[in-house]
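Below is one structure, written out as structure tokens, with a few remarks after it.
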Amino acid sequence: MTYPKKELHVACNYLLRLMKAHVQLSNEQINLFKRTFHDILAKRFVNHWFPATPNRGSAYRCLQTKHWKDPILKSIAERSCLPLHRYLPAIFTMWIGKFFLSFLF
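Written as structure tokens, this is what we have:
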């Protein structure tokens, strides 16, 4: 199974840093968020990760907080029991690509 292990790790830690600016999270909350984030996105990216052509599938690897309609972020929030809409910027976009993360605030 090919998916962006390192990139998911960096993306997850970046989101945790953003959240920690607004709330103190317990180690249990942090670990649950990390597991949930990794599990959901690893499954999502399995057929949308093309190391030879990194731009291919990039829209599928995008997370957005705008209007909180992103089903992936909703799933992560529900399974990790964290109200992400309170802890992340109201308008935020993250693209996860081979060897990079890209952000728009």
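Just so we're aligned, residue 177 is where the sequence shown starts under the working numbering, counting upward by one. Glycine is no exception: its CB is placed at the ideal position from the N, C-alpha and C atoms. Note that the coordinates shown come from a computational prediction; the quantities given were computed from them, not determined experimentally.
Its chain contains Thr-212, Phe-213, Ile-216 as the residues whose beta carbon lies nearer than 6 Å to that of Ile-252, once the 5 sequence neighbours on both sides are disregarded; these appear in chain order. The region 222-232 makes no contact with the region 192-211: fewer than 3 CB pairs, one atom from each, lie closer than 8 Å. Cβ-Cβ separation between Phe-281 and Ile-267: approximately 7 Å, consistent with a contact (criterion under 8 Å). Taking 8 Å as the cut-off, the beta carbon of Tyr-263 is found no closer than this to the beta carbon of Val-186. In this structure, DSSP gives Cys-188 a helical state, which the three-state scheme calls helix. Along the length of the region 194-223, whole alpha helix (DSSP H) runs at least 4 residues long occupy 203-221, reported in chain order.
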